[in-house]
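All letters in the sequence shown, in the order written, are residues 1 to 222 by UniProt numbering.
Glycine is no exception: its CB is placed at the ideal position from the N, C-alpha and C atoms.
To start, the structure under review is shown below, and the notes come after it.
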Amino acid sequence: MLPTPPAKRDRVIYAAAAVVLSYPDEDVMARLPLVEEALIEASAFDRFAPTFAHLRSMPLMEAQSWHVQEFDLSRRHALHLTYWTDGDTRRRGEVLAAVKQTYRDSGLVVDLNGELPDYLPMVLEFAANGAPAVGVALLNTYRASLELLRLGLEGDRLPQAGVLAALCDTLGGPSPRTRAEVQHLHDNPPSELVGLDGFLTSTPSPACPASMATGTEQGDRR
């Protein structure tokens with residue numbers, strides 16, 4: 001059964017997170033005022049505020065260097081969802097192929113723009129403006145990855161921790177407090193998520209638009 005599409009507020013959160021977690025090029029910076037306005041209108045800005053302040057606190061090149069250091073070069077903050085579950089293993093290649101097939105089966109044309117299909121900003125854009133129900137199912141499938149990323153950001157006191165907390169809140173249920181609890185979540189997913197892997201690679205979403213282009217500035221290909 002197709003998962004329930006996300007509420008409008010959740011879609012705003014996904015779209016906003018897709019922007020602010022991307023490599024901060026000129027296009028991303030130019031979009032910040034509109035993204036901020038949408039978050040405020042949706043009463044969802046508070047957790048994003050530290051990230052907006054961070055992005056606006058330094059010159060563009062410095063923000064880009066910081067992003068590369070913290071997200072492309074740090075395993076603690078990897079933005080590629082399957083990296084957390086499968087690492088650099090042979091199985092990961094199969095999982096990435098399944099994620100890519102999910103995009104194809106949705107009926108959309110997704111421009112990966114040189115990125116891997118599990119790149120979080122891309123998945124978020126898919127959930128916000130592509131095939132929302134399927135996108136949320138994909139986020140739920142990798143809930144453990146999102147929670148581990150959140151814990152890593154919180155542990156290092158990075159401003160994007162609030163963005164991940166907001167994302168995890170949209171998926172329902174309390175967030176794990178420790179890595180051990182995340183492992184339990186990974187090993188024992190909620191009953192409504194069991195079998196989603198098969199669903200994601202076999203169920204098209206014909207009601208979706210004919211095409212969608214997503215992608216961000218190239219970063220680390222994890």
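- Taking arginine 9 as the centre and dropping the five residues before and after it, the same chain places the C-beta of Ala42 and Ala44 closer than 7 angstroms to its C-beta, in chain order.
- Cα atoms of aspartate 111 and glycine 155: separation of roughly 33 angstroms, rounded to the nearest angstrom.
- Of the residues assessed, proline 117 falls on the buried side of the cut-off, its CB having 16 or more other CB atoms within 10 angstroms.
- Tyrosine 142 carries a coil assignment under DSSP once its states are collapsed to helix, strand and coil.
- Measuring C-alpha to C-alpha distances from leucine 167 to each of Met122, Arg92 and Ala17 identifies Ala17 as the nearest.
- For the 9 angstroms CB-CB criterion, alanine 161 and threonine 85 do not form a contact.
- The three-state secondary structure of tyrosine 119, taken from DSSP, is strand.
- In the DSSP assignment, threonine 170 falls within the unbroken alpha helix (DSSP H) covering 161–170.
- Sequence-distant Cβ neighbours of proline 5 in its own chain, meaning closer than 6 angstroms and more than five residues away, are Pro132 and Ala133.
- Unbroken alpha helix (DSSP H) stretches of 4 residues or longer found wholly inside the region 47–85: 49–55 and 60–67, given in chain order.
- The Cβ atoms of aspartate 25 and glutamine 69 lie no closer than 9 angstroms to each other.
- Nearest neighbour of alanine 7 by Cα position, chosen from Gly135, Leu149 and Leu158, turns out to be Gly135.
- For glycine 107, there is no enclosing alpha helix (DSSP H), since its DSSP letter is neither H nor E.
- For the pair aspartate 88 and arginine 75, the Cα-to-Cα distance works out to about 12 angstroms.
- Looking at Gly93, Phe126, Leu96 and Gly114, the one whose alpha-carbon comes closest to that of glycine 107 is Phe126.
- Between leucine 21 and leucine 81, the gap from beta carbon to beta carbon reaches 9 angstroms or more.
- Taking all protein chains shown into account, methionine 122 has 16 or more neighbouring C-beta atoms within 10 Å of its C-beta and is therefore buried.
- In this structure, the beta-carbon distance from valine 12 to alanine 53 does not fall below 9 angstroms.
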